[in-house]
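In the working numbering, the protein residues as written are 363 to 415. From the three backbone atoms N, C-alpha and C, an ideal C-beta is built for every residue, glycine too. In what follows, a structure is listed as structure tokens, so that the remarks can point back to it.
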């Protein structure tokens with residue numbers, strides 16, 4: 363790791379799980395942003411643009 367500390371397997375597994383969750387969320391948002399429901403479409407597009415308010 364860049365900060366020079368030791369990283370154990372559990373921590374690496376946790377990072378991998380977080381990355382998998384992030385990819386899944388991105389896929390879901392992309393799907394919703396092109397779906398038939400206008401409210402969900404707008405919400406998903408807003409999140410993808412970074413407008414979380």
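Per DSSP, what kind of secondary structure is residue 393 in: helix, strand or coil?
helix
Under DSSP, the alpha helix (DSSP H) around residue 398 begins and ends at which residues?
Per DSSP, residue 398 belongs to no alpha helix (DSSP H) and is neither H nor E.
When we look at the beta-carbon of residue 406 and count the other beta-carbons within 10 Å, is it buried (16 or more) or exposed?
buried
Proximity winner among 410, 377, 384, relative to residue 395 (alpha-carbon distances)
410
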